[in-house]
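Student: Please find one structure pasted underneath; my questions will follow.
Protein chains: 2
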Amino acid sequence: MIRVGIIGYGNLGRGVECAIKQNDDMQLKAVFTRRAPETVSILTQDAKVYSVDDVEKMKDEIDVMIICGGSATDLPVQTPKYASMFHVVDSFDTHKKIPEHFAAVDAAAKASGHIAMISVGWDPGMFSLNRLYANAILPNGVDYTFWGKGVSQGHSDAIRRVKGVKNGKQYTIPVESALEQVRAGKNPTLTTREKHTRECFVVAEEGADLAKIEEEIKTMPNYFDEYDTTVHFISEEEMKKNHSDIPHGGFVIRSGKTGWEEENTHIIEYRLKLDSNPEFTSSVLVAYARAAYRMSQEGQSGCKTVFDVAPAYLSPKSGEELRKTML
Amino acid sequence: MIRVGIIGYGNLGRGVECAIKQNDDMQLKAVFTRRAPETVSILTQDAKVYSVDDVEKMKDEIDVMIICGGSATDLPVQTPKYASMFHVVDSFDTHKKIPEHFAAVDAAAKASGHIAMISVGWDPGMFSLNRLYANAILPNGVDYTFWGKGVSQGHSDAIRRVKGVKNGKQYTIPVESALEQVRAGKNPTLTTREKHTRECFVVAEEGADLAKIEEEIKTMPNYFDEYDTTVHFISEEEMKKNHSDIPHGGFVIRSGKTGWEEENTHIIEYRLKLDSNPEFTSSVLVAYARAAYRMSQEGQSGCKTVFDVAPAYLSPKSGEELRKTML
Numbered sequence: 231m232i233r234v235g236i237i238g239y240g241n242l243g244r245g246v247e248c249a250i251k252q253n254d255d256m257q258l259k260a261v262f263t264r265r266a267p268e269t270v271s272i273l274t275q276d277a278k279v280y281s282v283d284d285v286e287k288m289k290d291e292i293d294v295m296i297i298c299g300g301s302a303t304d305l306p307v308q309t310p311k312y313a314s315m316f317h318v319v320d321s322f323d324t325h326k327k328i329p330e331h332f333a334a335v336d337a338a339a340k341a342s343g344h345i346a347m348i349s350v351g352w353d354p355g356m357f358s359l360n361r362l363y364a365n366a367i368l369p370n371g372v373d374y375t376f377w378g379k380g381v382s383q384g385h386s387d388a389i390r391r392v393k394g395v396k397n398g399k400q401y402t403i404p405v406e407s408a409l410e411q412v413r414a415g416k417n418p419t420l421t422t423r424e425k426h427t428r429e430c431f432v433v434a435e436e437g438a439d440l441a442k443i444e445e446e447i448k449t450m451p452n453y454f455d456e457y458d459t460t461v462h463f464i465s466e467e468e469m470k471k472n473h474s475d476i477p478h479g480g481f482v483i484r485s486g487k488t489g490w491e492e493e494n495t496h497i498i499e500y501r502l503k504l505d506s507n508p509e510f511t512s513s514v515l516v517a518y519a520r521a522a523y524r525m526s527q528e529g530q531s532g533c534k535t536v537f538d539v540a541p542a543y544l545s546p547k548s549g550e551e552l553r554k555t556m557l
Numbered sequence: 231m232i233r234v235g236i237i238g239y240g241n242l243g244r245g246v247e248c249a250i251k252q253n254d255d256m257q258l259k260a261v262f263t264r265r266a267p268e269t270v271s272i273l274t275q276d277a278k279v280y281s282v283d284d285v286e287k288m289k290d291e292i293d294v295m296i297i298c299g300g301s302a303t304d305l306p307v308q309t310p311k312y313a314s315m316f317h318v319v320d321s322f323d324t325h326k327k328i329p330e331h332f333a334a335v336d337a338a339a340k341a342s343g344h345i346a347m348i349s350v351g352w353d354p355g356m357f358s359l360n361r362l363y364a365n366a367i368l369p370n371g372v373d374y375t376f377w378g379k380g381v382s383q384g385h386s387d388a389i390r391r392v393k394g395v396k397n398g399k400q401y402t403i404p405v406e407s408a409l410e411q412v413r414a415g416k417n418p419t420l421t422t423r424e425k426h427t428r429e430c431f432v433v434a435e436e437g438a439d440l441a442k443i444e445e446e447i448k449t450m451p452n453y454f455d456e457y458d459t460t461v462h463f464i465s466e467e468e469m470k471k472n473h474s475d476i477p478h479g480g481f482v483i484r485s486g487k488t489g490w491e492e493e494n495t496h497i498i499e500y501r502l503k504l505d506s507n508p509e510f511t512s513s514v515l516v517a518y519a520r521a522a523y524r525m526s527q528e529g530q531s532g533c534k535t536v537f538d539v540a541p542a543y544l545s546p547k548s549g550e551e552l553r554k555t556m557l
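Heads up: the sequence lines are chains A and B, in that order.
Numbering follows the working numbering, in which position 71 of the first sequence is assigned residue number 301; successive positions increment by one, without gaps.
Numbering follows the working numbering, in which position 319 of the second sequence is assigned residue number 549; successive positions increment by one, without gaps.
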């Protein structure tokens, strides 16, 4: 049994809890929260809830700690800190700051002899893996990543900051005709506008100027101005009923050429269609927690990403079983 | 520079030669053939052609040997044999015999301190990897593999053995409606007939009984009797013009549930669409040759499959570059 701890009990932490339940070789030992522990109720009967201040006391009872904080301010502090006490896994997803995060976490993990897996999830994570595999196989090619259909938290937050908006949700939608061109091996050069559209559902405050809200959203720099955006005004009830889920997904496609004269075209496509973005991310985190534990058992330490993990470490099956059933 | 040798110069060997040309850190040193070397002309100017009997003389000039023999009779003998002299990579694809092949190759590679990568390609290979990743992430789910549209060599051979058939080519085609059900998360139970159809193009001998040929193909046990099969009679010219390529591909899909009550569905789909089956397989072989070389430099030895190779080994980029550009 691999004994797992969770730091942070939001959507991601709850997702990790659910994922652990599906893995027979893993056990949730404790959840650590910044809230008063008595106010947090979890789903797993045998697990405990503690204050995050007490995390160090559990050093001998937890094999891998999954850190479920946010990438903006939590993880840059938490992951190096806890990597000095535990084998850890995080889902740090600020792509540009990964090298910096890696360096800080690697120093802490190496000094204390722990394994720390960072940037685990689907992008970064499974999408990154598929970019790497496809690039290694087809060095002569073009990469495409499309996201959606799915909820963008950042864009939904941006809508909610517009004056007169009570609630808002934004869906990122890949443009089907662009996808088809890519799949057909046409290697199109696509502008931002040609790749994705944005669909917004907005609950306005009473008496708000709807035309003004719509205009403000559609012209918002960095978020919407470069996209074809649709705005729908709906009621709070409709928002609750139809837009409470957090679906997401997307496509990683590489189109490459082989042959002495580059006469043959190959398309590698990886697609995710997810009902729940945080639960899928959590499921990836849990598989990599298993890998972290196993790699640590072999005496490895330091910061690792999905690129550094041999796939066999992710599965509860033995090498022999895997070769027999999955190869 | 990684110095590569090729044993066997058929479609696969030629594909490996083309793939090496696309990788700046690799160099084709020599091709080894069972034919008289002077009768084999290759594309790479600086590489040599030798008899396969002279392979041992090149021990110090080749870092990785890519063995391009067939799985039925060549590789079971060749891979253990050459693993005792070189780091090797093969594309052994008889799924049922992989454990046996692994054991023989592992013994030879360990005894001599070499790395031997077996069953590299797309199925086994990239498809296997995608089965493993998807199963590790979504333990509660169902796997689907569809092949095609593509040429099945085995089925084409079977057609050509029918009396009155001069030439034949068979395409395996996935049933679109079955794919759609799977993608929709419906987890259908699909019979053989419901997953794939088979389309045959046949050049008949003059005066042959076409109805009899068609009947014999359609009812052929193991090959066609469980499928909806179409037979088209065409001329030799049409065969050459329209059916000389060797396209293939397929889909690996896992549909899984997450959530405390398994309320959310996720679909992971990996798709290949290949103009040339042997050239794509070759491209995978070459990427794993790089990994074999690197793992050997770290002192590793023994038989490995795609499951045992951390993705970073496949890329010519450093860990730092990969984290910066692909994660």
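Think of the CB as a built atom: it goes at the ideal place given N, C-alpha and C, for glycine as much as any other residue.
In this text the structure is predicted, and so the values were computed from the model without any measurement.
1. In chain order, which continuous runs of the alpha helix (DSSP H) of length 4 or greater are located wholly inside the region 486-544 of chain A?
2. Can you tell me the Cα-Cα spacing of Leu440 of chain A and Glu466 of chain A, whole angstroms?
3. Assuming Ala333 of chain A and Ala339 of chain A make a contact with CB atoms under 8 Å, what is their CB distance in whole Å?
4. Assign Ile296 of chain B to one of three DSSP states: helix, strand, or coil.
5. State the Cα-Cα distance for the pair Gly415 of chain A and Asn365 of chain A, rounded to the nearest angstrom.
6. Starting from Ala249 of chain B, find everything on chain A with Cβ-Cβ shorter than 8 Å and list it in chain order.
7. Which term fits Met556 of chain A, buried or exposed, when burial requires 16 or more other beta carbons within 10 angstroms of its beta carbon?
8. Short of 9 Å Cβ to Cβ, which residues in the region 243-269 of chain B face chain A?
9. If you compare alpha carbons, which of A:Thr459, A:Gly235, A:Ile464 and A:Asn241 is closest to Asp276 of chain A?
10. Along chain B, in chain order, which residues have C-beta atoms closer than 7 Å to that of Arg553 of chain A?
11. Taking the alpha-carbon of Val539 of chain A as reference, which of A:Val350, A:Val279, A:Leu273 and A:Ala260 has the nearest alpha-carbon?
12. Compare the Cα-Cα distances from Val381 of chain B to each of B:Asn397, B:Thr402 and B:Glu491 and report the closest residue.
13. Could you have a look at Arg484 of chain B and say whether DSSP puts it in helix, strand or coil?
14. If you pair each beta-carbon of the region 248-268 of chain B with each one of the region 484-500 of chain A, do three or more pairs fall below 8 Å?
15. Can at least three beta-carbon pairs, one atom from the region 469-481 of chain B and one from the region 369-383 of chain B, be found at a separation below 8 Å?
16. Would you verify that the beta carbon of Leu273 of chain B is, or is not, closer than 8 Å to some beta carbon of chain E?
17. Using a Cβ cut-off of 7 Å, pull out every chain B residue sitting near Ala366 of chain A, in sequence order please.
18. Ile232 of chain A and Val294 of chain A: beta carbons closer than 8 Å?
19. Under the DSSP definition of a beta bridge, which residues are partnered with Thr263 of chain B?
20. Excluding sequence positions up to five away, which residues of its chain have a Cβ less than 8 Å from the Cβ of Ala341 of chain A?
21. Give a yes or no on whether the C-beta atoms belonging to Ser513 of chain A and Ile292 of chain B are separated by under 8 Å.
22. Mind listing the chain B neighbours of Asp538 of chain A? Cutoff is C-beta to C-beta under 9 Å, in chain order.
23. Excluding the five sequence neighbours on either side, which residues of its own chain have a C-beta within less than 6 Å of the C-beta of Asn241 of chain A, listed in chain order?
24. Identify which residue in A:Asp323, A:Arg428 and A:Glu435 has its Cα closest to the Cα of Val392 of chain A.
25. Cβ atoms of Glu499 of chain B and Thr460 of chain B: under 8 Å apart, would you say?
26. Using a Cβ-Cβ distance under 8 Å, would Met347 of chain A count as near chain B?
27. In this structure, how does DSSP classify Asn397 of chain A when only helix, strand and coil are distinguished?
28. So, helix, strand or coil for Phe454 of chain B, using DSSP?
29. Mind checking which residues open and close the beta strand (DSSP E) that includes Arg428 of chain A?
30. Going by the DSSP bridge assignment, what does Leu258 of chain A pair with across the sheet?
31. According to DSSP, is Ile272 of chain A helix, strand or coil?
32. Please decide whether Pro354 of chain B counts as near chain A, where near means a Cβ-Cβ distance under 8 Å.
33. Quickly, what does DSSP pair Phe376 of chain A with across the bridge? List them, please.
34. Ser321 of chain A versus chain B: which residues are under 7 Å apart at the beta carbon?
35. Please list the segments of the alpha helix (DSSP H) lying wholly inside the region 300-361 of chain A, counting only runs of 4 or more residues, in order along the chain.
36. Taking C-beta pairs closer than 7 Å, name the residues in chain A that Ile237 of chain B reaches, listed in chain order.
Tutor: Taking the structure as given:
1. Runs found: 507-527.
2. When rounded, the distance between both Cα atoms is 15 Å.
3. Contact doesn't hold; Cβ gap of about 11 Å is too wide.
4. If DSSP states are grouped into helix, strand and coil, Ile296 of chain B belongs with the strands.
5. Approximately 15 Å, taken between the alpha carbons.
6. By Cβ distance, chain A contributes Thr488.
7. Looking at its Cβ environment, which holds 16 or more other Cβ atoms inside 10 Å, Met556 of chain A is buried.
8. Residues of the region 243-269 of chain B whose Cβ lies closer than 9 Å to any Cβ of chain A, in chain order: Arg244, Gly245, Glu247, Cys248, Ala249, Lys251, Gln252, Asn253 and Asp254.
9. Of the candidates A:Thr459, A:Gly235, A:Ile464 and A:Asn241, A:Gly235 places its Cα closest to the Cα of Asp276 of chain A.
10. Residues of chain B passing the Cβ test: Ile328, Pro329, Phe332 and Thr535.
11. Nearest of A:Val350, A:Val279, A:Leu273 and A:Ala260 to Val539 of chain A, Cα basis: A:Val350.
12. It is B:Thr402 whose Cα lies nearest to the Cα of Val381 of chain B.
13. If DSSP states are grouped into helix, strand and coil, Arg484 of chain B belongs with the strands.
14. With three or more CB-CB distances shorter than 8 Å, the region 248-268 of chain B counts as touching the region 484-500 of chain A.
15. Under the 8 Å Cβ criterion, the region 469-481 of chain B counts as touching the region 369-383 of chain B, having at least three qualifying pairs.
16. Absence of chain E from the displayed structure is noted, the protein chains being A and B.
17. For Ala366 of chain A, the chain B residues whose Cβ falls inside 7 Å of its Cβ are Ala517, Leu544 and Ser545, in order along the chain.
18. In this structure, Val294 of chain A lies closer than 8 Å to Ile232 of chain A by Cβ.
19. DSSP links Thr263 of chain B through a beta bridge to B:Ser281.
20. In the same chain as Ala341 of chain A, and ignoring 5 residues on each side of it, the C-beta atoms closer than 8 Å to its own belong to Ser314, in chain order.
21. No, these two residues do not count as a Cβ contact at 8 Å.
22. In chain order, Ala540, Pro541, Ala542 and Gly549 make up the part of chain B whose C-beta sits under 9 Å from the C-beta of Asp538 of chain A.
23. Cβ neighbours of Asn241 of chain A beyond the five flanking positions: Pro508.
24. Between Val392 of chain A and the set A:Asp323, A:Arg428 and A:Glu435, the nearest pair of CA atoms involves A:Glu435.
25. No, the Cβ-Cβ distance between Thr460 of chain B and Glu499 of chain B is not below 8 Å.
26. No, Met347 of chain A lies away from the interface with chain B (no Cβ there is under 8 Å from its Cβ).
27. Asn397 of chain A: strand per DSSP, three-state reduction.
28. Correct three-state label for Phe454 of chain B: coil.
29. Note, Arg428 of chain A: beta strand (DSSP E), His426 to Ala434.
30. Looking at the DSSP assignment, Leu258 of chain A forms a beta bridge with A:Val234.
31. Residue state, collapsed to three classes: coil.
32. So yes, Pro354 of chain B belongs to the interface.
33. The beta-bridge partner set that DSSP reports for Phe376 of chain A consists of A:Phe481.
34. Residues of chain B passing the Cβ test: none, with the nearest at roughly 12 Å.
35. Counting only runs of 4 or more, we get 304-313 and 328-342.
36. None at all; the shortest Cβ gap to chain A is about 20 Å.
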